[in-house]
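As numbered in the numbering used here, the sequence shown has no gaps in its residue numbers, which increase by one up to the final residue, 362. Each residue gets a CB set at the ideal place from its N, CA and C atoms; glycine is no exception.
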Amino acid sequence: MPRPISAVIDLAAMHRNLALARQHARGRFLWAVVKANAYGHGLRRALRAFSEADGVALLDLDEATIARDAGWRKPILLLEGFFESRDLDVVSALNLTPVVYDSSQIEMIEQSRLSAQLDVHFKLNTGMNRLGFSARSAASAYQRLKVSGRVAQLTLMTHFANADRAHGASGAAEVAEQIEALDRIVGDWPEPRSLANSAALFLRPEVAGDSVRPGIALYGGATDESHSAASLGVAPTMTLKSRLIGTQALDVAQSVGYGSRFAASRAMRIGVIACGYADGYPRNAPDGTPVLVDGVRVPIAGRVSMDMITVDLSAAPLAGVGSNVELWGPNIPIDEVANLCGTVGYELMCALAPRVPVIETN
Ligand SMILES: *Cc1c(COP(=O)(O)O)cnc(C)c1O
Numbered sequence: 001m002p003r004p005i006s007a008v009i010d011l012a013a014m015h016r017n018l019a020l021a022r023q024h025a026r027g028r029f030l031w032a033v034v035k036a037n038a039y040g041h042g043l044r045r046a047l048r049a050f051s052e053a054d055g056v057a058l059l060d061l062d063e064a065t066i067a068r069d070a071g072w073r074k075p076i077l078l079l080e081g082f083f084e085s086r087d088l089d090v091v092s093a094l095n096l097t098p099v100v101y102d103s104s105q106i107e108m109i110e111q112s113r114l115s116a117q118l119d120v121h122f123k124l125n126t127g128m129n130r131l132g133f134s135a136r137s138a139a140s141a142y143q144r145l146k147v148s149g150r151v152a153q154l155t156l157m158t159h160f161a162n163a164d165r166a167h168g169a170s171g172a173a174e175v176a177e178q179i180e181a182l183d184r185i186v187g188d189w190p191e192p193r194s195l196a197n198s199a200a201l202f203l204r205p206e207v208a209g210d211s212v213r214p215g216i217a218l219y220g221g222a223t224d225e226s227h228s229a230a231s232l233g234v235a236p237t238m239t240l241k242s243r244l245i246g247t248q249a250l251d252v253a254q255s256v257g258y259g260s261r262f263a264a265s266r267a268m269r270i271g272v273i274a275c276g277y278a279d280g281y282p283r284n285a286p287d288g289t290p291v292l293v294d295g296v297r298v299p300i301a302g303r304v305s306m307d308m309i310t311v312d313l314s315a316a317p318l319a320g321v322g323s324n325v326e327l328w329g330p331n332i333p334i335d336e337v338a339n340l341c342g343t344v345g346y347e348l349m350c351a352l353a354p355r356v357p358v359i360e361t362n
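See the structure below:
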């Protein structure tokens, strides 16, 4: 028998989340973001679940090749564009839509001998200060692309730094400021605009644009700590589950695991779960992080090790070897675990280890 851990990927939930994103998009072109192996869910699987999206957005030429080989005929947005001239041959052959954010890419486009014109997303830096042309460099870059003769459809794109902040907090102003910055840079350029990530799409109906780029919401994750996935109406799509493979009886003051971090304040039973940080569970999970054992929430007790997690079974007296465990999923929100570990659900999904067998449900 294989080790009793698995990740269950719920394709029907992904499909439903996409349908909800569609409602919020109100007719705008919807790119389903499937970078990072579809946030850990598996790229091919996501292409099936999101078959009704208008396009998919990802990073690598390799991923784009997989998507085309899997039969994805609709547009593919390359969120980090291309990196070398020869990438352009693949971009052209696979009919990909690269993001252009640096003048070196424009040079490559100018010098290329592409047989067909490209669609590009022209990325403006409006305050994220990561990728994109600034107010100073945008106009000349835009002109160069226009006169290169190599561009078919150009789309103006920017990315929000704070779309997930609560309304009324400074984030609200910052989204508005980024939109104002965009308006100042692009003036009356007539091209369509691509603005919203999940947070802007679900939380800020005032953010307009012609296309949207949700990622995390499609995977049933929260965009930030102040909005639960449930409050956004999205359903969890990944369940990390396992079983108890051992139990221990602790006397008062006995400790558990590496570093003896947890010491029993009374006699108690400890359950040992077949899951550890080598499966993608965060090693820094503190004592008290919830785990579902036989339908009961019990707290982690002791440091997460490579292949095992230990929990206090006081609340689940009937649990024993073979008991079902949910590390995250419908009953233990992935964001709850992530927040206790000082991170976000995105990171836990993406970090699901390749060694964990995946089961699909529909
Ligand atoms: C990852 C990414 C998105 C999706 O963001 P979510 O917060 O997951 O919705 C959208 N746009 C760009 C440019 C991205 O890199």
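Review point. Rounded to the nearest angstrom, how far is the Cβ of Pro290 from that of Pro299, given a contact under 8 Å?
Key: In the sequence shown, the residue the question calls residue 290 occupies position 290. In the sequence shown, the residue the question calls residue 299 occupies position 299. Indeed, because the Cβ distance is near 6 Å, the residues count as touching under 8 Å.
Point to revise | Contact check, Leu43 vs Val34, beta carbons under 8 Å | key: Counting from one through the sequence shown, the residue named residue 43 turns up at place 43. Counting from one through the sequence shown, the residue named residue 34 turns up at place 34. Yes, these two residues count as a Cβ contact at 8 Å.
Practice item. Could you have a look at His159 and say whether DSSP puts it in helix, strand or coil? Key: Walking along the sequence shown from the start, residue 159 turns up at place 159. DSSP places His159 in coil when its eight states are reduced to three.
Point to revise | Coil, strand or helix - Met108 by DSSP | key: One-based indexing of the sequence shown puts residue 108 at position 108. Looking at Met108 - three-state DSSP - the assignment turns out to be helix.
Point to revise | Val33 CB to nearest heavy atom of ligand 1 below 7 Å | key: Counting from one through the sequence shown, the residue named residue 33 turns up at place 33. Val33 Cβ: within cutoff of ligand 1.
Review point. With distances taken from CA atoms, which of Arg193, Glu180, Thr223, Glu191 is nearest Ala200?
Key: If you number the sequence shown from 1, residue 200 lands on position 200. Of the candidates Arg193, Glu180, Thr223, Glu191, the one whose C-alpha sits nearest the C-alpha of Ala200 is Thr223.
Exercise for review: Report, in whole angstroms, the separation of the C-beta atoms of Gly81 and Val99, which I expect to be a contact under 8 Å.
Suggested key: As a first step, residue 81 must be located in the sequence shown, where it is residue number 81. As a first step, residue 99 must be located in the sequence shown, where it is residue number 99. Yes, Gly81 and Val99 are in contact; Cβ-Cβ is about 5 Å, under 8 Å.
Check your understanding: Between Leu59 and Leu240, what straight-line distance do the alpha-carbon atoms span, to the nearest angstrom?
Key -> To locate residue 59, count along the sequence shown from 1; it is residue 59. To locate residue 240, count along the sequence shown from 1; it is residue 240. Taking the straight line from one Cα to the other gives about 26 Å.
Point to revise | Straight-line Cα distance separating Ala249 from Ser294 | key: On the sequence shown, position 294 is the one that residue 294 refers to. On the sequence shown, position 249 is the one that residue 249 refers to. Here the sequence assigns Asp to residue 294, which means Ser is not the residue at that position. Cα-Cα distance, rounded: 19 Å.
Check your understanding: Closest to Gln23 by CA distance: which of Leu88, Gln153, Leu203, Arg73 is it?
Key -> On the sequence shown, position 23 is the one that residue 23 refers to. The option with the nearest alpha carbon to Gln23 is Leu203.
Exercise for review: Look up Ala57 in the DSSP assignment and give the residues it is bridged to.
Suggested key: If you number the sequence shown from 1, residue 57 lands on position 57. Answer is Val33, Leu77.
Review point. What is the DSSP secondary structure of Val91, counted as helix, strand or coil?
Key: The count along the sequence shown starts at 1 and reaches residue 91 at position 91. Residue state, collapsed to three classes: helix.
Practice item. Within its chain, find whatever has a CB closer than 7 Å to the CB of Pro2; leave out the 5 residues flanking it on each side and keep chain order. Key: Sequence index remark: in the sequence shown, residue 2 carries index 2 (1-based). So the list reads Pro357, once near-sequence residues are dropped.
Review point. Where Glu347 and Leu244 are concerned, what is the direct C-alpha to C-alpha distance, given to the nearest angstrom?
Key: As a position in the sequence shown, residue 347 is number 347, starting the count at 1. As a position in the sequence shown, residue 244 is number 244, starting the count at 1. The alpha-carbon atoms of Glu347 and Leu244 are separated by roughly 25 Å.
Practice item. Have a look at Arg73, His41, Arg45, Val186 and flag the residue whose alpha-carbon is nearest the alpha-carbon of Gly55. Key: In the sequence shown, counting from the first residue as 1, residue 55 sits at position 55. Comparing Cα positions, the closest option is Arg73.
Check your understanding: ligand 1 heavy atoms versus the CB of Pro214: any closer than 7 Å?
Key -> Against the sequence shown, residue 214 aligns to sequence position 214. Checking the Cβ of Pro214 against ligand 1 gives yes.
Check your understanding: Does the Cβ of Thr343 lie closer than 7 Å to at least one heavy atom of ligand 2?
Key -> Among the ligands present in this structure, namely ligand 1, ligand 2 is not found.
**Study point:** According to DSSP, residues forming a beta bridge with Phe364
**Key:** The question about residue 364 has no answer here: the residues shown for the chain are numbered 1 through 362.
**Study point:** DSSP beta-bridge partners of Asn324
**Key:** Taking the sequence shown and counting its residues from 1, one reaches residue 324 at position 324. According to DSSP, which records beta bridges pairwise, Asn324 is partnered with Arg243.
Check your understanding: Hey, out of Gly345, Glu63, Val120, whose CA is closest to Ser408's CA?
Key -> In this structure the chain extends from 1 to 362, so residue 408 is not present and cannot be described.
Point to revise | 7 Å CB neighbourhood of Ala21 in its chain, flanking five on each side removed | key: In the sequence shown, the residue the question calls residue 21 occupies position 21. If we look at Ala21 and ignore the five residues flanking it on each side, its Cβ neighbours are Leu30, Leu201, Pro214, Ala217, Leu218.
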